[in-house]
Amino acid sequence: MSADRLAGVGVSPGAGYGPAHRLVREIPEPPRGSRHGGDAEAERRRAERALEQVAADLSARGDRAGGEARDVLAAQAMMALDPGLASVVAELVGQGVSAPRAVFEAFGKYRDLLAGAGDYLAGRVADLDDIRDRAVATLEGLPLPGLPQDPPEPYVLVARDLAPADTALLDPVAVAAFVTEEGGPTSHTAILARSLGVPAVVGCAGATAIPPGTRVLVDGSTGAVRLSPAEEEVARAMRADADQDALLATVTGPGATADGHAVPLLANVGGPADIAPALAAGAEGVGLFRTEFLFLDREDPPTWEEQQDAYRAVFEAFSGSRVVVRVLDAGADKPLDFLPPPAPEPNPALGERGVRMFRHYPDVLAAQLDALARAAEGTSARVQVMAPMVATVEEAAWFADACRTAGLPSSGVMIEIPAAALRAADIAAVTGFFSIGTNDLTQYALAADREAGALAGLQDPWHPAVLDLVALAASAAAAAGRECGLCGEAAADPALACVFAGLGVTSLSMAALALPRVRAALARHTLDACRRAAAAARAENSAAAARAAARAELPALAELSL
Amino acid sequence: MAERKVTVMSEVGLHARPAATFVQTAAQAPFDVTVAKFGVPPVNAKSILSVLALDVRQGETIVISAEAEGADELLDRLAAIASAP
Chain A
1 MSADRLAGVG
11 VSPGAGYGPA
21 HRLVREIPEP
31 PRGSRHGGDA
41 EAERRRAERA
51 LEQVAADLSA
61 RGDRAGGEAR
71 DVLAAQAMMA
81 LDPGLASVVA
91 ELVGQGVSAP
101 RAVFEAFGKY
111 RDLLAGAGDY
121 LAGRVADLDD
131 IRDRAVATLE
141 GLPLPGLPQD
151 PPEPYVLVAR
161 DLAPADTALL
171 DPVAVAAFVT
181 EEGGPTSHTA
191 ILARSLGVPA
201 VVGCAGATAI
211 PPGTRVLVDG
221 STGAVRLSPA
231 EEEVARAMRA
241 DADQDALLAT
251 VTGPGATADG
261 HAVPLLANVG
271 GPADIAPALA
281 AGAEGVGLFR
291 TEFLFLDRED
301 PPTWEEQQDA
311 YRAVFEAFSG
321 SRVVVRVLDA
331 GADKPLDFLP
341 PPAPEPNPAL
351 GERGVRMFRH
361 YPDVLAAQLD
371 ALARAAEGTS
381 ARVQVMAPMV
391 ATVEEAAWFA
401 DACRTAGLPS
411 SGVMIEIPAA
421 ALRAADIAAV
431 TGFFSIGTND
441 LTQYALAADR
451 EAGALAGLQD
461 PWHPAVLDLV
471 ALAASAAAAA
481 GRECGLCGEA
491 AADPALACVF
501 AGLGVTSLSM
511 AALALPRVRA
521 ALARHTLDAC
531 RRAAAAARAE
541 NSAAAARAAA
551 RAELPALAEL
561 SL
Chain B
1 MAERKVTVMS
11 EVGLHARPAA
21 TFVQTAAQAP
31 FDVTVAKFGV
41 PPVNAKSILS
51 VLALDVRQGE
61 TIVISAEAEG
71 ADELLDRLAA
81 IASAP
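These protein sequences, in sequence, are chains A and B.
Sequence positions in the first sequence follow the working numbering and run 1 to 562.
Sequence positions in the second sequence follow the working numbering and run 1 to 85.
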């Protein structure tokens with residue numbers, strides 16, 4: 001039988017095994033006027049059982065999560081079992097309305113009541129919509145919307161395609177593998193999977209028809225997807241995967257090409273939880289310390305002491321090494337209550353964010369820089385500070401000034417706006433170093449919103465236009481005697497990492513899990529091979545052709561199953 | 001008809017945890033229990049959605065009512081929950 005085997009393109013190596021979870025973004029509204037067959041009592045019982053099922057799932061999730069989440073989820077379970085809701089459902093079903101439509105309309109009634117009660121209940125309205133969608137999905141036999149919450153075991157995430165918005169809240173430990181029906185080797189799914197170290201197969205025809213819960217074995221190297229495999233087959237695949245990891249683990253030490261050209265491999269750190277994995281993976285420092293975790297989901301900025309303690313924890317963990325801190329990158333997809341944009345923004349990605357926001361709130365920047373300077377005192381970490389979203393020389397100079405005032409000797413800028421890459425030589429004259437942010441650089445170079453799933457095809461760092469911008473920034477930095485690191489998710493692609501080294505990028509920073517593969521890929525190729533791969537990629541006129549051309553110059557990737 | 005008139009003292013009003021505790025307690029009663037806010041018709045005290053939609057804030061007064069033998073003990077418990085700081 002061939003239906004138990006599917007095939008796609010392996011884009012993130014490794015073996016993954018677990019129950020399939022089909023990602024659905026929205027549950028369609030049951031059509032107005034849909035009726036049941038005539039047995040109102042049976043239909044009412046069906047609706048009741050679906051609501052009980054949703055309540056039981058919510059309570060079970062709460063019990064697994066414990067703490068505060070238990071209370072929140074118990075309250076949501078109470079909503080599903082609400083007697084007022086049940087009587088509206090019963091009344092509608094009594095009039096002949098189908099169970100899914102009756103549930104939808106009954107929730108609608110309470111939704112209007114809560115929405116009318118003011119801002120305070122806005123969060124409850126979102127909860128109610130979620131419970132409604134779960135009940136309707138249960139009745140219609142559809143997969144539940146969104147990512148599984150607190151799954152009991154790692155699952156295989158199956159989707160038509162994945163957009164950054166779908167995966168922002170993804171817990172990498174909870175995912176065994178990704179399988180998407182669409183997408184290519186350069187899609188967001190592929191980049192994300194590599195940066196998380198999760199095996200992935202894309203362009204897999206028939207993937208979205210895999211019944212939810214089916215146990216799936218995914219080979220992220222060959223692209224094979226096996227449904228309900230035998231136990232021996234799973235054990236064999238997992239053993240081979242462990243052997244491959246062991247082979248990669250034999251490549252240790254600082255990042256360097258085969259001929260000894262050093263390319264320091266650093267880790268992206270977004271909070272205290274990322275420190276241990278980064279150290280375990282042999283990171284030579286931190287290339288991107290995101291500080292948003294201190295600021296998100298709160299009404300007031302963190303205190304000076306709170307900031308200082310959090311920074312010092314990272315500096316001490318990496319004593320003697322480089323730690324590149326990005327100051328708060330607020331705005332766009334990361335709005336903060338206490339830093340509202342000065343005016344409503346029709347397009348936040350092109351609005352007040354990053355360093356632009358600090359021009360309106362210089363005190364918040366001064367407080368952060370001061371906390372960083374104090375935290376750096378007494379540690380041996382080489383602390384460097386950089387500003388996000390710099391477009392002009394004037395902004396770069398303003399930020400360098402602010403850092404000097406705070407007593408921070410090393411300040412730099414992120415290159416993520418095409419204008420900054422195009423005029424990198426001017427910016428290099430007023431700043432200490434560059435760090436290229438490929439996610440935003442790609443978004444802005446191709447004018448393709450990262451949040452827009454339909455534009456996934458354009459959000460591709462292999463695009464020669466993006467590679468050209470990287471090359472401009474790296475060569476301007478070299479001419480000025482400055483370092484030019486790179487810290488986007490693209491650095492986690494072993495082939496792109498070699499291309500970036502070939503373009504003159506001086507260090508690569510990525511999710512810790514991606515480090516062993518990138519280290520092994522660099523170690524097997526000379527700097528000259530990397531340069532040839534970079535030139536071959538830039539000579540092409542599409543992302544796909546650029547990738548193929550670069551890989552042709554990097555033969556050891558295939559030997560390493562990368 | 002037994003009733004209790006109480007001022008809600010919790011900082012979050014009759015929302016979040018106080019609302020959940022209030023409704024869970026009311027749900028144990030074998031008889032109907034209602035809760036009303038001044039100027040708003042009474043709602044089923046066993047319905048979390050109705051109680052939330054009542055949107056009772058800190059400092060507002062509510063009337064909890066039941067029409068049954070032996071409702072006093074339950075109403076006292078509900079009044080205590082609603083008036084707890």
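Beta carbons: idealized from backbone N, C-alpha and C, even for Gly.
A quick note: this is a predicted structure, and the numbers were derived from the prediction, not measured.
_H21/A - DSSP class collapsed to helix/strand/coil_ = Reduced to three states, the DSSP call for H21/A is strand.
*Could you tell me which residues DSSP puts in a beta bridge with L157/A?*
Its beta-bridge partners are H21/A, F178/A.
*Could you give the distance in angstroms between the alpha-carbon of E483/A and the alpha-carbon of A429/A?*
The alpha-carbon atoms of E483/A and A429/A are separated by roughly 13 Å.
_Under 8 Å, Cβ to Cβ, is there at least one residue of chain A near E69/B?_
The C-beta of E69/B comes no closer than 8 Å to any C-beta of chain A.
*Just the chain A side, please: which residues come within less than 8 Å of V23/B by C-beta, in chain order?*
Under the 8 Å cutoff, chain A gives M78.
*Under three-state DSSP, which class holds V12/B?*
It is coil, neither helix nor strand.
*the stretch 31 to 55 of chain B: which residues have C-beta closer than 9 Å to a C-beta of chain A, in chain order?*
Of all residues in the stretch 31 to 55 of chain B, V43, N44, K46, S47, I48, L49, S50, L52, A53, L54, D55 have a Cβ within less than 9 Å of some Cβ in chain A.
*Going along chain A, which residues have a C-beta under 7 Å from R17/B?*
Close to R17/B, with beta-carbon spacing below 7 Å, are these residues of chain A in chain order: D71.
*Using a Cβ cut-off of 9 Å, pull out every chain A residue sitting near A20/B, in sequence order please.*
Per Cβ cutoff of 9 Å: D71, A74, A75, M78.
*asked:* Residues of the stretch 435 to 460 of chain A in Cβ contact with chain B at a cutoff of 7 Å, in chain order, please.
replied: Going along the stretch 435 to 460 of chain A in chain order, one finds no residue with a Cβ nearer than 7 Å to chain B.
_Below-8 Å beta-carbon distance, G84/A vs any chain B residue_ = It does: the Cβ of G84/A has a partner Cβ on chain B nearer than 8 Å.
*Are the beta-carbon atoms of S228/A and R236/A separated by less than 8 Å?*
Contact: no.
_For M1/A, the three-state DSSP class (helix, strand or coil)_ = With a pLDDT of 39 at M1/A, under the threshold of 50, the predicted position of this residue should be treated as unreliable, though the coordinate-derived value follows. In this structure, M1/A counts as coil in the three-state DSSP scheme.
*For S509/A, which three-state DSSP category applies?*
The answer is strand: DSSP assigns S509/A an E or B state.
*Quick one: grab the DSSP three-state call for M386/A.*
Reduced to three states, the DSSP call for M386/A is strand.
*Is it true that the stretch 350 to 366 of chain A meets the stretch 385 to 393 of chain A, where meeting means three or more beta-carbon pairs spaced less than 8 Å apart?*
Three or more pairs of CB atoms, one per stretch, sit closer than 8 Å, so the stretch 350 to 366 of chain A contacts the stretch 385 to 393 of chain A.
*List the DSSP bridge partners of A252/A.*
According to the sequence provided, residue 252/A is Thr. The question's Ala does not apply to it. For T252/A, which the question treats as bridged, DSSP gives no partner whatsoever.
*Check whether the stretch 17 to 32 of chain A touches the stretch 147 to 160 of chain A, taking contact to mean three or more Cβ pairs, one atom from each stretch, closer than 8 Å.*
Yes, they touch.
*Apply the 10 Å Cβ neighbour rule to G220/A and answer buried if 16 or more other Cβ atoms are within range, or exposed otherwise.*
Buried.
*Cα separation between A55/A and A80/A?*
So the two alpha carbons sit approximately 6 Å from each other.
*Got a sec, what are the start and stop residues for the beta strand (DSSP E) V216/A sits in?*
Residue range 215 to 219 is occupied by the beta strand (DSSP E) that includes V216/A.
*In three-state terms, what does DSSP make of F295/A?*
In the three-state DSSP reduction, F295/A falls in the coil class, being neither helix nor strand.
*For the beta strand (DSSP E) holding N268/A, just list the boundary residues, first then last.*
Start and end: 265 to 269.
*Output yes or no for whether 8 Å exceeds the beta carbon distance between F434/A and I415/A.*
A contact, by the Cβ cut-off of 8 Å.
_Nonlocal neighbours in the same chain, by C-beta distance under 8 Å from F104/B, ignoring five residues either side_ = Residue 104/B lies beyond the stretch modelled for chain B, which goes from 1 to 85, so this question has no answer here.
*Classification of S2/A by the beta-carbon crowding that lies within 10 angstroms, buried from 16 upward*: Bear in mind that the predicted position of S2/A carries a pLDDT of just 49, short of 50, making it unreliable; the figure below should be weighed with that in mind. Flag for S2/A reads exposed.
*Among residues of its own chain, excluding the 5 on either side of E60/B, which ones have a beta-carbon nearer than 6 Å to its beta-carbon?*
Exclusion of the five residues before and after E60/B leaves V8 as the residues of its chain whose Cβ lies within less than 6 Å of its Cβ.
*Counting only beta-carbon atoms, is D56/A nearer than 8 Å to chain B?*
Here residue 56/A is Ala; the residue named in the question, Asp, does not match the sequence. By this cut-off, A56/A is not an interface position.
*State the DSSP-derived secondary structure class of V103/A, mapped to helix, strand or coil.*
Collapsing the DSSP output to three states places V103/A in a helix.
_N-terminal and C-terminal residue of the alpha helix (DSSP H) that V202/A is part of_ = Counting along the chain, V202/A falls outside any alpha helix (DSSP H), though it belongs to the beta strand (DSSP E) covering 200 to 202.
*Within 10 angstroms of its Cβ, does D493/A collect 16 or more other Cβ (buried), or is it exposed?*
With a threshold of 16 other beta carbon atoms within 10 Å, D493/A meets it and is buried.
_Near-chain B residues of the stretch 122 to 138 of chain A (beta-carbon distance less than 8 Å), N- to C-terminal order_ = Listed by position along the chain: R124, L128.
*Return helix, strand or coil for K46/B, following the three-state DSSP convention.*
Residue state, collapsed to three classes: coil.
*asked:* Less than 7 Å separating the Cβ of D460/A from some heavy atom of the ligand FMN?
replied: The ligand FMN is not part of the structure shown, which contains no ligands of any sort.
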